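J.:
Residue numbers (my numbering), protein chains in the order written: chain A, 1 to 263; chain B, 264 to 520.
1. Under three-state DSSP, which class holds residue 468 of chain B?
2. Please check if any C-beta of chain B sits within less than 8 Å of the C-beta of residue 180 of chain A.
3. Can you tell me the Cα-Cα spacing of residue 148 of chain A and residue 188 of chain A, whole angstroms?
4. Tell me which residues of the region 27 to 45 of chain A have at least one Cβ-Cβ distance to chain B shorter than 8 Å, keeping chain order.
5. Is it the case that the region 468 to 485 of chain B contacts the region 403 to 410 of chain B, given that we only count it when at least three CB pairs across the two stretches are under 8 Å?
6. Could you check if residue 87 of chain A is buried or exposed, using at least 16 other CB atoms within 10 Å of its CB as the buried criterion?
7. Could you tell me whether the Cβ of residue 427 of chain B comes closer than 8 Å to any Cβ of chain A?
8. Mind listing the chain B neighbours of residue 78 of chain A? Cutoff is C-beta to C-beta under 9 Å, in chain order.
9. So, helix, strand or coil for residue 454 of chain B, using DSSP?
10. Is it right to say residue 263 of chain A is buried, meaning 16 or more other beta carbons lie within 10 angstroms of its own, or is it exposed?
11. Is any beta-carbon of chain A found at less than 8 Å from that of residue 389 of chain B?
12. Would you mind reading off the limits of the alpha helix (DSSP H) that contains residue 483 of chain B?
13. Provide the residue span of the alpha helix (DSSP H) that contains residue 82 of chain A, from first to last.
14. Which residues bound the alpha helix (DSSP H) around residue 408 of chain B?
15. Cβ of residue 207 of chain A within 8 Å of Cβ of residue 163 of chain A?
16. Quick one, which of B:273, B:386, B:446, B:415 has its alpha-carbon nearest residue 37 of chain A's?
17. Please tell me whether residue 416 of chain B has its Cβ less than 8 Å away from any Cβ of chain A.
18. Can we say the region 481 to 491 of chain B touches the region 420 to 435 of chain B, given the rule of at least three CB pairs closer than 8 Å?
19. Can you list, in chain order, the residues of its chain whose CB lies under 7 Å from that of residue 310 of chain B, leaving out five sequence neighbours each side?
20. Under 8 Å by Cβ, that's how I've got residue 372 of chain B and residue 271 of chain B pegged, so tell me the actual separation to the nearest angstrom.
21. Locate the alpha helix (DSSP H) running through residue 174 of chain A, then write down its first and last residues.
22. Using a Cβ-Cβ cut-off of 8 Å (strictly less than) and excluding sequence neighbours within five positions of residue 312 of chain B, which residues of its own chain qualify?
23. Using a Cβ cut-off of 8 Å (strictly closer), state whether residue 422 of chain B contacts chain A.
24. Since residue 349 of chain B meets chain A, which of its residues come closer than 9 Å, beta carbon to beta carbon?
25. Using the beta-carbon of each residue, which ones in chain B are nearer than 8 Å to residue 190 of chain A?
26. Thinking C-beta only, is residue 414 of chain B closer than 8 Å to residue 367 of chain B?
27. If we define contact as Cβ-Cβ less than 8 Å, is residue 282 of chain B a contact residue for chain A?
28. Under DSSP, the alpha helix (DSSP H) around residue 249 of chain A begins and ends at which residues?
29. Compare the beta carbon distance of residue 417 of chain B and residue 324 of chain B with 8 Å and say whether it is the shorter of the two.
The structure is reproduced here in structure tokens:
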């Protein structure tokens, strides 16, 4: 396990060095990524500015929920970007190259194509959280829950990794999953940034099964006493572990079903 | 002219091969519209209107905006010009006996029309079943056609300029991201542009022509006057694109033997 992480660290460093060959582009993309990830929230802020609340959640509460989800997806998009492009490996026959490495394919895949410029969206998520936490009482009013919220994106990011691994695994059987990703990751990610309670029952079920509602809504609702019991603050970590385990098993099954394209 | 029509038709036909995959994409895209629809519905529980718009109208606006999004807002990043620059095919593209700007725009227009028929229309029908629909008066319906066509043209021109940025820098993600930020916020897909802070100014930008003005016409809020800003941008962007193409052609260096 330790050697696997050592390899991951080295491959990660190589990936970052490669990216830094285009410093100008990196800096500009990171800055604009900060703004694009906040763009859709700006529209919702305009609504909140007029109406003060959506579905009983006040502006700071929604800001906090949004920040947690934005930082979580930012962590996934930064360190799991190659999962997003995994279908290219199957379509172009490049997966054979990964199989030749003496390391688990998932590990090698995750160490490739790190998109550090997406760090802008993590920073933006944390900024939204810090501002919202300030209006919710700050460290004095929230106590240890303040630190809990700061750690929450790292616990919840596992859920996005699990969904992405599970979706990419399907590539072994169906070949193309780019369109499926909109349905399993990007749509639900956007939906998870707002209180699940405003959605109709069918959408609430969908967000629970996928299970992005545990990324921000359930833990935030539990920690701020907005209707969920306190024990549900543990759900992001629990759901991350269980879903990552299941996704890894699906990946293994997919690998067994894979047959090379070459001669 | 027939040549440009053929280019668009070819892209349209190529996309027909992926109809099944696009059904899945539609389901994901539908979610984005539903999110805004239910945000407005949640707001509507306690409020009646925002600016000139009733909450009921804003719910239908979110549906209309999402349906139009794939046609007049989201075009391929840089119209794939950056790939041609990177692999050198741009020199062949410039050698073709056609105008490069029109060649690229018409080629990609085929995909946008495909998106309208196989993404926009099914999405709108889905939303109509769930949240209802608005029937515009005949005059508005007639004006909607040029409004949507100009929206598409402006969208393609802006994406074209993003693509041309690859002549200046090898990586155009920053330009693409800037463009994306603007169209998500300002185009009017999620809510009418004039309801945003600085809305009076933002509705004069080219991004507002993508959904905001077609939306104003569709909901019978404006007549012929809603075509003025899009028309001005169509003319301006055509000049800018032709000028930028000329500069790009001059700056092109072909390496290799």
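Backbone N, C-alpha and C fix where the C-beta goes; we use that ideal spot for every residue, glycine too. All values derive from a computational prediction rather than experimental measurement.
T.: The relevant details are as follows:
1. Mapped onto the second chain, residue 468 of chain B falls at position 205. In this structure, residue 468 of chain B counts as coil in the three-state DSSP scheme.
2. For this step, residue 180 of chain A is matched to residue 180 along the first chain. Yes, contact with chain B.
3. Position 148 of the first chain, counted from the first residue, corresponds to residue 148 of chain A. Position 188 of the first chain, counted from the first residue, corresponds to residue 188 of chain A. In a straight line, the C-alpha of residue 148 of chain A is about 23 Å away from that of residue 188 of chain A.
4. 28, 29, 31, 32, 33, 35, 36, 39, 40, 42, 43, 44
5. yes
6. Residue numbering aside, residue 87 of chain A sits at position 87 when the first chain is read from its first letter. Buried is the call here.
7. Within the second chain, residue 427 of chain B is the residue found at index 164, counting from 1. Taking Cβ atoms only, chain A never reaches closer than 8 Å to residue 427 of chain B, which makes this a no.
8. Residue 78 of chain A sits at position 78 when you count from the first residue of the first chain. Under the 9 Å cutoff, chain B gives no residues; its nearest Cβ is about 14 Å from residue 78 of chain A.
9. Locating residue 454 of chain B in the second chain gives position 191, where the first residue counts as 1. Coil at residue 454 of chain B, not helix or strand.
10. The count along the first chain starts at 1 and reaches residue 263 of chain A at position 263. With a pLDDT of only 49 at residue 263 of chain A, under 50, the local geometry of the prediction cannot be trusted, and no value is derived from it.
11. Counting from 1 along the second chain, the entry for residue 389 of chain B is found at position 126. No, residue 389 of chain B lies away from the interface with chain A (no Cβ there is under 8 Å from its Cβ).
12. For the purposes of this step, residue 483 of chain B is taken as residue 220 along the second chain, with counting starting at 1. First-last for residue 483 of chain B: undefined, no H or E at that position.
13. In the first chain, counting from the first residue as 1, residue 82 of chain A sits at position 82. Here the alpha helix (DSSP H) through residue 82 of chain A covers 81 to 84.
14. Here residue 408 of chain B refers to the residue found at position 145 of the second chain. 401 to 427 is the span of the alpha helix (DSSP H), which, as asked, contains residue 408 of chain B.
15. Here the question's residue 207 of chain A lines up with position 207 in the first chain. Here the question's residue 163 of chain A lines up with position 163 in the first chain. A distance of 8 Å or more separates the beta carbons of residue 207 of chain A and residue 163 of chain A.
16. Counting from 1 along the first chain, the entry for residue 37 of chain A is found at position 37. It is B:446 whose Cα lies nearest to the Cα of residue 37 of chain A.
17. What you label residue 416 of chain B is simply residue 153 of the second chain in a count that begins at 1. It does not: the Cβ of residue 416 of chain B has no partner Cβ on chain A nearer than 8 Å.
18. Fewer than three Cβ pairs drawn from the region 481 to 491 of chain B and the region 420 to 435 of chain B lie within less than 8 Å of each other, which leaves the two stretches out of contact.
19. Stepping through the second chain from its first residue, residue 310 of chain B is reached at position 47. Only 318 meet the Cβ criterion.
20. Counting from one through the second chain, the residue named residue 372 of chain B turns up at place 109. Counting from one through the second chain, the residue named residue 271 of chain B turns up at place 8. Confirmed, about 5 Å.
21. In the first chain, the residue the question calls residue 174 of chain A occupies position 174. Here the alpha helix (DSSP H) through residue 174 of chain A covers 171 to 174.
22. Counting from one through the second chain, the residue named residue 312 of chain B turns up at place 49. Within the same chain, residue 312 of chain B has close Cβ partners 318.
23. Counting from 1 along the second chain, the entry for residue 422 of chain B is found at position 159. Chain A contact via Cβ: absent.
24. What you label residue 349 of chain B is simply residue 86 of the second chain in a count that begins at 1. Neighbours of residue 349 of chain B on chain A: none; closest Cβ ~12 Å, over 9 Å.
25. Along the first chain, one-based indexing puts residue 190 of chain A at 190. 294, 295, 298, listed in chain order.
26. On the second chain, residue 367 of chain B is found 104 positions in, with the first residue counted as 1. On the second chain, residue 414 of chain B is found 151 positions in, with the first residue counted as 1. It is not a contact, given that the beta carbons lie outside the stated cut-off.
27. In the second chain, residue 282 of chain B corresponds to position 19, counting from 1. No, its Cβ sits nowhere closer than 8 Å to a Cβ of chain A.
28. Numbered from its first residue, the first chain carries residue 249 of chain A at position 249. Start and end: 235 to 257.
29. Position 154 of the second chain holds residue 417 of chain B. Position 61 of the second chain holds residue 324 of chain B. With contacts defined by Cβ atoms closer than 8 Å, residue 417 of chain B and residue 324 of chain B do not form a contacting pair.
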